[in-house]
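Q: Going by UniProt numbering, 21 is the number at position 21 of the sequence shown; the sequence numbering is gapless.
Virtual Cβ for every residue (Gly too), placed ideally from N, Cα, C.
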Amino acid sequence: MNKRAKNRKGIEAFGSHLRQLREQRNLSQQAIADIADISKLTVQRIELAKVAVTVDVLISLAHGLQIPMRELMNFELPTEER
């Protein structure tokens, strides 16, 4: 698996993790967007792995979800298939 494919899998894994965290808190995409002061479109694109997340958005999401950054980043990266 090349670097681009590995990164893509990581972006997908993060998007799924964010959706899980959001749903565990019974928050809509709009609600987390409002709390984190980002657009709903940004939340949608992150969850669908359409965009890589910047550090400032990660910080906003952690604040919005009221969790430490380490919890936001606590997800499994897919293993490389050989």
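(1) Tell me whether residue 50 sits in a helix, a strand or coil according to DSSP, three-state version.
(2) Apart from the five residues on each side of it in sequence, which residues of its chain come closer than 7 Å, Cβ to Cβ, to residue 37?
(3) With DSSP run on the structure shown, which of helix, strand or coil describes residue 14?
(4) Could you say which of 52, 78, 41 and 30 lies nearest to residue 65 if we only look at CA atoms?
(5) Please report the distance separating the alpha-carbon of residue 63 from that of residue 53.
(6) Between residue 12 and residue 6, what straight-line distance do the alpha-carbon atoms span, to the nearest angstrom?
A: Put simply:
(1) coil
(2) 60
(3) helix
(4) 30
(5) 15 Å
(6) 10 Å
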